[in-house]
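For the sequence shown, the positions run -26 to -1, 1 to 211 when mature numbering (1 follows the signal peptide of the UniProt record, and there is no 0) is used. Every residue gets a Cβ at the ideal spot worked out from N, C-alpha and C, and that includes glycine. Since the structure is predicted, the reported quantities are computational estimates derived from the model, not experimental observations. Okay, so here's the structure we're looking at.
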Amino acid sequence: MSRVPHLVRGACVAGALIAGIAVADAACNKTPVRPQSTVAIGRDMTVNGVPTSVIGMQFAGTSEDVSKAFRDFWSRADVPAQGRSSSSGLLLSALDDECLYVLSIPSQPQRGNTRGLMSVIRLGVGQPAHRLPDSAVPLPEDGKVVSDVESRDPGQTGRTWLIDIPGDAGWNAQRYRNSLALRGWVGVGRQPDYRSASVAAAQGTAFAMQHGNVSVDVSFSDRDGKTVAVVNAIRNR
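Spelled out as structure tokens, the structure:
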């Protein structure tokens, strides 16, 4: 399973986006622009409580061609579409009932085809049940969850939390490691403290632990006087 740490902060998917690719909800199944090829990045995810999927796409034509096709599709469906361009690329979106379609096109050379990231967010649904529940992985004490992403693949479920914690990264990492050990988690690896390229002092630490069929890879780093922790958990079914 590919990890999805803090993926696409605010734009992700749910639906059968194109034939042959299963995604989060069959109701969100429109294809505004037909791709030449696709790569499933997250077929069945929950991002901050929202059913989600993300698919990388390559289209024939330039980004302007893709933008026009996207807008024309939604115009025919009588659905308002919006676009925003910047130095980093183009962002297109349309809200069709409870399905928010977002196509992000990064800046790229105009060579006859265009790469993009198609996302669909299914809005207005109740809080979905996590396959890897909160109770399966104790999180660091005193932490504030910034992002929570669950990704489900056949035979495996992953969940990644991005967490802000007051205080020093080394101290928080040691405290979290000890807390897991007291709950029966076993260490399966620990990386040495890593250093920032611009700061001489050690900036963070990482380790891995396991409890039954659930494993976690954890990293703690110092940033602006606080700790940023990434807890990536995987459960094999």
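Classify R157 as buried or exposed, calling it buried when 16 or more other Cβ atoms lie within 10 Å of its own Cβ.
-> exposed
Starting from the C-beta of Q148, find all residues in its chain whose C-beta is less than 6 Å away, skip the five residues before and the five after it, and write them out in chain order.
-> none
From M19 to V123, what distance separates their C-alpha atoms?
-> 7 Å
Classify S153 as helix, strand or coil using the three-state DSSP reduction.
-> helix
Three-way DSSP call (helix, strand, coil) for E72 in this model | coil
What residues in its chain sit with their C-beta under 7 Å from that of Q184, if we drop five residues either side in the sequence?
-> W159, V160 and V162
Which word fits W145, buried or exposed, when buried means at least 16 other C-beta atoms lie within 10 angstroms of its C-beta?
-> By the neighbour-count rule (16 or more Cβ atoms within 10 Å), W145 is not buried but exposed.
Report the three-state DSSP secondary structure of G144 (helix, strand or coil).
-> helix
With distances taken between CB atoms, is the gap from S189 to I208 smaller than 8 Å?
-> yes
Three-state secondary structure (DSSP) of K42 | helix
Which two residues bound the contiguous beta strand (DSSP E) that contains P25?
-> Taken as a continuous stretch (DSSP letters only), the beta strand (DSSP E) holding P25 covers V24 to A34.
For the beta strand (DSSP E) containing N87, list its first residue and its last residue.
-> N87 to R96
With a Cβ-Cβ cutoff of 8 Å, do L74 and L97 count as a contact?
-> A Cβ-Cβ contact shorter than 8 Å links L74 with L97.
Residue from V119, G63 and S37 with nearest C-alpha to G86 = The closest CA to that of G86, considering only V119, G63 and S37, is found on S37.
By DSSP, does R209 sit in helix, in strand, or in coil?
-> Under the three-state reduction of DSSP output, R209 falls in the strand class.
With 16 other Cβ atoms within 10 Å as the buried cut-off, status of P80 | exposed
If you draw a straight line from the C-alpha of S59 to the C-alpha of G30, how long is it?
-> 19 Å
If we call anything under 8 Å between Cβ atoms a contact, is G63 one with L77?
-> Taking 8 Å as the Cβ cut-off, G63 and L77 do not qualify as a contacting pair.
Can you check whether the CB of G117 is closer than 8 Å to the CB of A203?
-> yes
Backbone secondary structure at V204 - three-state DSSP = strand
Which residues in the same chain as D46 place their Cβ atom closer than 7 Å to its Cβ, once the five residues preceding and following it in sequence are excluded?
-> For D46, where only same-chain residues beyond five positions count, there are no Cβ hits under 7 Å.
Could you tell me the boundaries of the beta strand (DSSP E) in which Q56 lies?
-> A55 to S60
Since I believe N210 is in contact with G132 (beta carbons under 8 Å), could you give me their beta-carbon distance rounded to a whole number of angstroms?
-> Not quite, the Cβ-Cβ distance comes to about 10 Å (not below 8 Å), so this is no contact.
Secondary structure at S81, three-state DSSP: helix, strand or coil?
-> Here S81 sits in coil by DSSP.
Closest by C-alpha distance to V120, when choosing among I137, G141, P112 and L66 | Looking at I137, G141, P112 and L66, the one whose alpha-carbon comes closest to that of V120 is I137.
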